[in-house]
Amino acid sequence: MQNKIGLKILAISIALVMVVSSAVVYGYNTAEVAKGTGDDAGTREGTTIIEEEAGISFYINVSAKINLTKAKEVYRTTEHETENYTIGAVALPGYPVTEDVHVYVHKDGWIMAYYLNDEPVAKIINWFEYQRPPHPRNITHTKLKDAVVKMCDGVGVPLNWSYRKYYDFRSPNANRMMFVTGAQRVGYERSSTFKIKLPGDLMVCERSWSHFAANSSNSSSLSIDEHTINSFGHCRDGEITKYGTLTQTQLKPEVFHTVRLGHDEGNWTTGEAFSAIALLYRTTGTSDIELEECESVWRIYTAYPKELINDTTPPLITNVTVTDITNDSATIKWDTDEIANSLVKYGKASGNYTKGLWNPLFVKNHPFEL
Numbered sequence: 043m044q045n046k047i048g049l050k051i052l053a054i055s056i057a058l059v060m061v062v063s064s065a066v067v068y069g070y071n072t073a074e075v076a077k078g079t080g081d082d083a084g085t086r087e088g089t090t091i092i093e094e095e096a097g098i099s100f101y102i103n104v105s106a107k108i109n110l111t112k113a114k115e116v117y118r119t120t121e122h123e124t125e126n127y128t129i130g131a132v133a134l135p136g137y138p139v140t141e142d143v144h145v146y147v148h149k150d151g152w153i154m155a156y157y158l159n160d161e162p163v164a165k166i167i168n169w170f171e172y173q174r175p176p177h178p179r180n181i182t183h184t185k186l187k188d189a190v191v192k193m194c195d196g197v198g199v200p201l202n203w204s205y206r207k208y209y210d211f212r213s214p215n216a217n218r219m220m221f222v223t224g225a226q227r228v229g230y231e232r233s234s235t236f237k238i239k240l241p242g243d244l245m246v247c248e249r250s251w252s253h254f255a256a257n258s259s260n261s262s263s264l265s266i267d268e269h270t271i272n273s274f275g276h277c278r279d280g281e282i283t284k285y286g287t288l289t290q291t292q293l294k295p296e297v298f299h300t301v302r303l304g305h306d307e308g309n310w311t312t313g314e315a316f317s318a319i320a321l322l323y324r325t326t327g328t329s330d331i332e333l334e335e336c337e338s339v340w341r342i343y344t345a346y347p348k349e350l351i352n353d354t355t356p357p358l359i360t361n362v363t364v365t366d367i368t369n370d371s372a373t374i375k376w377d378t379d380e381i382a383n384s385l386v387k388y389g390k391a392s393g394n395y396t397k398g399l400w401n402p403l404f405v406k407n408h409p410f411e412l
């Protein structure tokens, strides 16, 4: 009887050190996180592969189950794989392998496309779609969105644009993106300019640029306030794109900056050039970004993908029961208010929990046999 009472006290102590973590739709469990995908050279403990390597991203829920075998057929290369998700590189038409988009696919319907965290936001602009007739004069496509469309087509699921978001993993406080473009086409003047002024109370997380030229027999350049940011020589019978980041000095607040796109083409050629300034920022006041003479502006809301990422607030634990108590075992059960995995630490003395059991399943009902 004394042993049973002692074990019951122990079981109650066990209940007090239950650890639960909110649902991770990525499908990574704690064991995978500690070792990446099962190798010792994985990501840091407590992170996921996505959170470790992703920068700007675009994600969607297609509200349908996804066949991961079909998803792998869409990849140029498969990078990570479990029974619940895959990650791989998706090739885009007309672009080299350096522009491949990393795409995460979960069997429950989540698809996320992203570039790496050392790549600028401006990389997502798909100039091939921008330049096609009848010249929409707006960035209606991004490489991330196009990679998601390609994946949906490949796995045979309908697009669900009612739930789609952009998010930058490097800048969790950002809630806006803006792309301001300039264009230089055949028959136009040989340079075009626009002006941009950032308010002083704007919290800018990243300033970046993109410069594209196609079928050009002469040079093309991008400059800000007469300082060259990038330049190309000729690119006959082809296209070339470059992008990079800007410093705060190059695009400081409270000053109008002149962005110039030079493209030395005549009426007899077919060349075109485009440029963009990309801003990732958080609105902190009532002032807005001021623009003059730009060809197009595209503003996008960004949102934290809470349905995809670890929720840092633990679920509520209720209905704790301890049964089947013996000299050296017990069954402990509890419920959580959201799906979660769980960890129980225990030992033979209160405050000395030297053993542990972990359940990688994401469930609301948590049973453990100790």
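Count along the sequence shown starting at 1, add 42, and that's the number in our numbering. Where a beta carbon is used, it is the ideal one built from N, C-alpha and C, also for glycine.
Rounded straight-line distance, which links the Cα of residue j to that of residue i
i, j, result
"Lys-387", "Glu-93", "27 Å"
"Asp-267", "Phe-316", "18 Å"
"Lys-396", "Ser-329", "Per the sequence presented here, residue 396 reads as Thr, with Lys not at that position. So the alpha carbons of these two residues sit roughly 56 Å apart."
"Gly-48", "Gly-389", "Note that Gly-48 scores 30 on pLDDT, short of 50, meaning its location in the model is unreliable; the coordinates nonetheless yield the value given after this. Cα-Cα distance, rounded: 12 Å."
"Ser-263", "His-253", "8 Å"
"Thr-326", "Leu-240", "12 Å"
"Lys-77", "Trp-400", "Confidence in Lys-77 is poor, its pLDDT being 24 and thus under 50, which makes the residue's placement unreliable; the coordinate value appears in the next sentence. Their backbone Cα atoms lie some 16 Å apart in a straight line."
"Trp-416", "Ile-102", "One cannot answer for residue 416 here, as it falls past the ends of the chain, which runs 43 to 412."
"Tyr-285", "Val-191", "24 Å"
"Thr-300", "Lys-185", "27 Å"
"Phe-221", "His-269", "20 Å"
"His-200", "Ser-384", "Strictly speaking, residue 200 in this sequence is Pro, with His absent from that position. So the alpha carbons of these two residues sit roughly 34 Å apart."
"Asn-126", "Pro-356", "23 Å"
"Asp-366", "Val-132", "52 Å"
"Ser-63", "Glu-123", "Residue placement at Ser-63 is flagged as unreliable, the pLDDT there being 40, under the threshold of 50; the coordinate-derived value follows with that caveat. Going by the C-alpha atoms only, they are around 22 Å apart."
"Thr-363", "Ile-374", "6 Å"
"Ser-392", "Lys-107", "45 Å"
"Ser-250", "Leu-358", "42 Å"
"Glu-437", "Gly-304", "With the chain represented from 43 up to 412, any question about residue 437 goes unanswered, as that position is not in the structure."
"Thr-291", "Asn-361", "58 Å"
"Val-116", "Ile-181", "25 Å"
"His-183", "Asp-379", "39 Å"
"Ala-372", "Asn-407", "17 Å"
"Thr-111", "Pro-409", "32 Å"
"Val-139", "Glu-296", "39 Å"
"Val-394", "Trp-152", "As written in the sequence, residue 394 is Asn, which differs from the Val given in the question. The straight-line gap from Cα to Cα measures roughly 41 Å."
"Ser-233", "Asn-168", "22 Å"
"Glu-121", "Thr-368", "47 Å"
"Gly-398", "Asp-150", "30 Å"
When the options are compared against residue i, the one with the closest alpha-carbon
i, options, result
"Asp-195", "Phe-274, Asn-109, Ser-250 and Pro-138", "Asn-109"
"Thr-235", "Leu-244, Lys-294 and Ala-225", "Ala-225"
"Thr-119", "Glu-337, Thr-360, Ile-129 and Glu-125", "Ile-129"
"Tyr-146", "Arg-218, Glu-171, Ala-155 and Val-222", "Ala-155"
"Ser-105", "Tyr-117, Ile-282 and His-148", "His-148"
"Thr-344", "Glu-314, Tyr-209 and Ala-256", "Tyr-209"
"Ile-319", "Glu-141, Thr-289 and Gly-313", "Thr-289"
"Glu-334", "Asn-369, Arg-302, Cys-247 and His-183", "Arg-302"
"Tyr-157", "Asn-361, Lys-112 and His-144", "His-144"
"Lys-294", "Cys-336, Ile-282, Leu-134 and Glu-248", "Glu-248"
"Glu-411", "Asp-379, Gly-393 and Asp-370", "Asp-370"
"Ala-256", "Glu-296, Ser-273 and Thr-111", "Ser-273"
"Ala-96", "Asn-407, Phe-211, Thr-283 and Glu-281", "Phe-211"
"Tyr-137", "Ile-282, Gly-313 and Thr-368", "Ile-282"
"Ala-113", "Gly-198, Thr-182, His-408 and Ile-271", "Gly-198"
"Glu-332", "Met-193, Ala-164, Ser-233 and Gly-242", "Gly-242"
"Asn-159", "Ser-213, His-408, Ser-233 and Val-246", "Ser-213"
"Lys-207", "Phe-100, Val-339 and Asn-394", "Phe-100"
"Val-339", "Asn-394, Thr-223, Glu-296 and Ser-233", "Thr-223"
"Ala-164", "Thr-140, Thr-287 and Trp-152", "Thr-287"
Cβ pair residue i, residue j closer than 8 Å
i, j, result
"Ile-166", "Ile-91", "no"
"Ser-265", "Gly-275", "no"
"Phe-170", "Lys-237", "no"
"Asn-217", "Arg-324", "yes"
"Leu-321", "Met-219", "yes"
"Met-245", "Asn-215", "yes"
Cβ neighbour criterion (16 or more within 10 Å) applied to residue i
i, result
"Trp-376", "buried"
"Tyr-172", "buried"
"Pro-162", "buried"
"Asp-188", "buried"
"Ala-73", "The pLDDT assigned to Ala-73 is 28, lower than 50, so where the model puts this residue is not dependable, and the model offers no usable value."
"Glu-337", "buried"
"Asp-142", "buried"
Query raised in the report: If you scan the segment 196 to 275 from start to end, which runs of the beta strand (DSSP E) of 3 or more residues do you find wholly inside it?
Result: Correct list: 206 to 210, 218 to 226, 233 to 239, 245 to 258, 262 to 266 and 269 to 274.
Report task. Scan the segment 77 to 144 and note each continuous alpha helix (DSSP H) run of 4 residues or more that stays entirely inside, going in chain order. Result -> If we require 4 residues or more, the alpha helix (DSSP H) runs fully inside the segment 77 to 144 come out as 91 to 95 and 110 to 116.
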